[in-house]
Amino acid sequence: MAPTLLDRVASRTRSAPRERRPVKLPQNELLLRESRRVIVEDIASSGRISVHCIAEKFDKSKLLNELNACKRGGVFCDGVAIAPGLGGDNGQVEMAELGWEWEDVLHCPCMSTWTGEHLGDVFFFEWGVATFWGFEDAQEAGVLRRIACGGCSISPLDLHDVESEEFRFQYTEEESPGIANDTIVMAQHLSTKTVKLATCYALAQSTKLKVNESSISQQVDKFIELPRTLAKTGKVEMPKKEIHKLTGAIFLEKCAVNLLGPVMDTPAFFWDASDALCALYDAIFEYLEIDDRIEILNARFEICEAMLDMLRDHQHAENSSFLEWIVIVLLIVEVAIGIVEILGLTGLLPHYH
22 MAPTLLDRVA SRTRSAPRER RPVKLPQNEL LLRESRRVIV EDIASSGRIS VHCIAEKFDK
82 SKLLNELNAC KRGGVFCDGV AIAPGLGGDN GQVEMAELGW EWEDVLHCPC MSTWTGEHLG
142 DVFFFEWGVA TFWGFEDAQE AGVLRRIACG GCSISPLDLH DVESEEFRFQ YTEEESPGIA
202 NDTIVMAQHL STKTVKLATC YALAQSTKLK VNESSISQQV DKFIELPRTL AKTGKVEMPK
262 KEIHKLTGAI FLEKCAVNLL GPVMDTPAFF WDASDALCAL YDAIFEYLEI DDRIEILNAR
322 FEICEAMLDM LRDHQHAENS SFLEWIVIVL LIVEVAIGIV EILGLTGLLP HYH
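356 is the number that our numbering gives to position 335 of the sequence shown; each next residue is one higher, with no gaps.
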């Protein structure tokens, strides 16, 4: 039986933490003031942050209806329910339904159906990324399966195209906040919705970019042998239509990264956010090396475009050579006919009746 999204999430191998330069997170009075706006209770001291890109984008209306139906029904998936409150910054429990915040993110505070305690938070980003804060593998898989079965995705990714990244969080009272070895360390009083969201935005952008990185790698693999073949044999057997299709695919990937996608844009959430939250987002963004990865990706785009230009020039040269030979043959035929006519007129050739 073909593997499902549930199987992929539940059985994926855990990658080793990436070796990146540690980054200190901002620690100032503004961030402390931001954290005091909520009441924090029953917060786990450590846990997982898991990010999954499963679609090009979510259907905002369908996803909202599905989550509100889960909230009214009391069960999200096995052992997980959406908390009755919105998890707002005023510390009060609000029974209103969920809604899209800042136009591109939907926050779901979740609790355990067995103990009734706070379990974790899920942030659904409009651009097809779900970020889990404090969940286990099986719980994440159950939520993703519920979303997939609800038809909430627009252009869902194939199983081999789904990208996932895993981080860890650690709350402490002594160490200064920072991020190293894919572990985010911060004070426990910073475990607020807005601080989590500022962190998750950068993580979600990184995972979305990872989809583009994998896609362009697949495109490169399709024609990486073409220049080698051209160097060895002096010709490439590829129809013009295929070259045009590759050109269009590379152009779409470039637009997805630089124009149409959310990776290059600063989220609207930070337009009115405090300086401390913006600094937190910038620190995570820097740690994930997103700017450098985009620069590398654009360099790959330029190489791919240069390769395609070379193939087009090669085909153009072959077509020009073919047309030149046609003209030469026609000229030879015309000269031969002219010689025959001249010989006939001068009587050097016999006339046949």
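No residue lacks a Cβ here, since even glycine has one placed at the ideal position from N, Cα and C.
Q: Select from N319, F322, M259, D158 the residue whose C-alpha is nearest the C-alpha of R333.
A: The candidate whose alpha carbon is nearest that of R333 is M259.
Q.
My output table needs one value for W292: the three-state DSSP class, helix, strand or coil.
A. DSSP, reduced to helix, strand and coil, places W292 within a helical segment of the structure shown.
Q) Among E122, V143, W154, which one has its Cα closest to the Cα of T204? A) Relative to the Cα of T204, the nearest Cα in the group E122, V143, W154 belongs to W154.
Q. Which partner residues of H73 appear in the DSSP bridge assignment?
A. DSSP output for H73 lists A151, S185 as bridge partner(s).
Q. With respect to the beta strand (DSSP E) encompassing T204, which residues constitute its N-terminal and C-terminal limits?
A. Taken as a continuous stretch (DSSP letters only), the beta strand (DSSP E) holding T204 covers 204-208.
Q: Could you check which residue in F190, I103, T228 has the C-alpha nearest to that of V72?
A: Considering only F190, I103, T228, the residue with the shortest C-alpha distance to V72 is T228.
Q: Enumerate in chain order the residues of its own chain whose CB-to-CB distance from A219 is below 6 Å, with the five nearest sequence positions on each side excluded.
A: Setting aside the 5 residues that flank it on each side, A219 is surrounded in the same chain by L298, L301, Y302, each with a C-beta closer than 6 Å to its C-beta; the list follows chain order.
Q.
Just verifying my parser: in three-state terms, what is the DSSP assignment at T367?
A. Reduced to three states, the DSSP call for T367 is coil.
Q. Are there 16 or more other CB atoms within 10 angstroms of the CB of T254, so buried, or fewer, so exposed?
A. Using a 10 angstroms sphere on the CB of T254, the tally of other CB atoms stays under 16, which defines it as exposed.
Q: Measure the C-alpha to C-alpha separation of I315 and W346 and round it to an integer number of angstroms.
A: Here the alpha carbons of W346 and I315 stand approximately 46 Å from one another.
Q: Ignore the nearest five residues each way along the sequence and tell me which others in E274's own chain have a CB closer than 8 Å to its CB.
A: Around E274: N233, S236, I237, Q240, F322.
Q | Buried versus exposed, by CB contacts within 10 Å (16 or more), W148 | A | That one is buried.
Q | First and last residue of the uninterrupted beta strand (DSSP E) at P248 | A | Careful: P248 lies outside any beta strand (DSSP E), inside the alpha helix (DSSP H) at 246-254.
Q.
Using only the alpha-carbon positions, how far apart do D330 and H265 sit?
A. Going by the C-alpha atoms only, they are around 10 Å apart.
Q. What residues in its chain sit with their C-beta under 6 Å from that of I305, if we drop five residues either side in the sequence?
A. T220, A223.
Q | L318 versus K92: straight-line alpha-carbon distance, rounded | A | If you take the alpha carbons of L318 and K92, they lie about 41 Å apart.
Q) Does the stretch 171-190 come close enough to the stretch 72-88 that 3 or more CB-CB pairs lie under 8 Å? A) Cβ pair count under 8 Å is three or more, so yes.
Q. Considering V143, what are the terminal residues of the beta strand (DSSP E) in which it resides?
A. First-last of the beta strand (DSSP E) with V143: 139-146.
Q) What separation, rounded to the nearest whole angstrom, lies between the Cα atoms of G368 and I349? A) So the alpha carbons of these two residues sit roughly 29 Å apart.
**Q.** Backbone CA spacing between K231 and K243 [nearest angstrom]
**A.** Rounded to the nearest whole angstrom, the CA to CA distance from K231 to K243 is 19 Å.
Q.
Let me confirm a value: I353 is counted as buried when at least 16 other C-beta atoms fall within 10 Å, else exposed. Which label applies?
A. So I353 ends up on the exposed side.
Q) So is K256 buried or exposed if we call it buried at 16+ other beta carbons inside 10 Å? A) Label assigned to K256: exposed.
(Q) Going by C-alpha to C-alpha distance, which of G100, D125, S66 sits closest to L84? (A) Nearest of G100, D125, S66 to L84, Cα basis: D125.
Q: Take the Cβ of H128 as the centre, count every other Cβ of all protein chains shown within 10 Å, and call the residue buried at 16 or more, exposed below.
A: With 16 or more Cβ atoms within 10 Å of its Cβ, H128 is classed as buried.
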